[in-house]
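Residue numbering for the sequence shown follows my numbering, starting at 1134 and increasing by one per position.
Just so you know, even glycine gets a beta-carbon here, dropped at the ideal spot from N, CA and C.
Remember, it's a predicted structure, so these values are computed and weren't measured experimentally.
Inspection log for the structure reproduced underneath, given as structure tokens.
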Amino acid sequence: MSYHYIKVLVQDRIGIVTLHRPEVLNALNLQLVYELVTELERIETDDSIRVIILTGNEKAFAAGADISEMAGEEAIPMLLKDQFVVWDRIAKISKPIIAAVSGFVLGGGCELMMNCDMIIASETTRIGQPEIQLGVMPGAGGTQRLTKAVGKVKAMEMLLTGEHITAEEALKFGLINKVVPVEMYFKEALRMAQQIALQPPVAVRLIKKSVLKAFDTSLAEGLDYERNCFYLLFSSEDKEEGMNAFLQKRKPKFTGR
Ligand code: HXC
């Protein structure tokens, strides 16, 4: 598949997707988001890929939706086009996605980052939801996912002032996993991806689904879901392999069956 605005590299069971519109700080036009979702769904069906890294460049992960594309939009055509149906497909990807971010992570860029499962950031990262300064508000989950991640008062502050926060502050509020020097952020994401790529893929998939379940269900329903996933894994060959390897004091070799 040939893309305009993303680059794709597969190495060691890891699919690396790079946003590539550097001249506009990776502003997310509709075509870029469409290409990204198309590639994520392709990876989803590719058994040789176990984990995904989503990244940009040192200056920007993404500075938000493309303002020049949005500026001429009107409500009803936007509603009929409903671009967020495409965004919703990102949340359905069952393989873990690690965001490796640096520089500007703003607006739709922050919403895209929050769709990922783990986030490694460089020290130079600036995160924000500045839509209010454009007279609008987030539309791809910013008010919901940010609030669930950092809590009400910090989310209100970020969304109502539009100010950016540093990576250190984002770490303090639980929005990201780790802050590292700029020359390390991609390497650190790769290290994490390599670790996850060695784990049994069916367990990885069910753990991701189970964690995401916690966001939109009651505790009782979530526990019930987790329990069923737990029992299901006892029918996998990887459960036999994992437990036998422990008892035989050797490293397991998981196959995904
Ligand atoms: C289109 C953008 C852009 C954007 C930057 N550019 N952000 N183009 N959409 N979101 C372009 C600039 O126009 C400029 O192009 C080039 O990228 C470099 O940007 P500068 O502004 O010159 O860089 P700098 O002075 O370093 O400032 C960086 C910045 C600023 C602070 C990130 O660009 C900025 O405030 N951008 C907008 C951020 C934003 O409001 N994001 C939210 C968008 S709304 P030229 O051609 O002049 O060189 C949104 C809604 C989400 O995301 C809804 C769901 C999808």
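Ends of the beta strand (DSSP E) at residue i?
i     : result
G1148 : I1147 to L1152
K1225 : Looking at the DSSP string, K1225 is not in any beta strand (DSSP E), and its letter there is neither H nor E.
G1261 : R1259 to G1261
E1188 : It should be pointed out that residue 1188 corresponds to Thr in this sequence rather than to Glu. Start and end: V1184 to T1188.
K1311 : K1311 to V1313
Using 10 angstroms around the beta-carbon of residue i, count the other beta-carbons present and answer buried if the total reaches 16, otherwise exposed.
i     : result
D1357 : exposed
A1195 : buried
V1238 : buried
P1229 : buried
G1268 : exposed
S1235 : buried
R1383 : exposed
N1248 : buried
K1285 : exposed
Go through its chain and collect everything with a Cβ distance to residue i's Cβ below 7 angstroms, but skip five positions before and after it.
i     : result
V1335 : L1366, S1369, D1371 and G1389
Along the chain, where does the alpha helix (DSSP H) that runs through residue i open and close?
i     : result
K1285 : K1285 to T1294
L1323 : Y1318 to A1330
Considering only residues of the same chain and omitting the five flanking positions on each side of residue i, which have a CB-CB separation below 8 angstroms?
i     : result
T1350 : Y1358
E1321 : A1233, I1253, K1311 and V1313
G1261 : V1238, L1239, G1240, C1243, M1291, G1295, E1296, H1297 and I1298
F1387 : L1331, Q1332, P1333, P1334, D1371, E1374 and G1375
For residue i, which residues does DSSP report across the bridge?
i     : result
A1193 : F1237
E1144 : It is worth fixing the name first, because residue 1144 is Gln in this sequence and not Glu. According to DSSP, Q1144 bridges with I1147.
I1252 : A1232
T1299 : R1259
Could you name the residues of the same chain whose beta carbon sits closer than 6 angstroms to that of residue i, not counting the 5 residues immediately before and after it, in chain order?
i     : result
D1250 : P1229 and I1230
M1270 : E1264
L1275 : Checking the displayed sequence, the identity of residue 1275 turns out to be Gly instead of Leu. Around G1275: E1244 and Q1262.
V1283 : F1306 and L1308
K1192 : G1236
> Is it true that the segment 1323-1331 meets the segment 1182-1194, where meeting means three or more beta-carbon pairs spaced less than 8 angstroms apart?
Replying inline: yes
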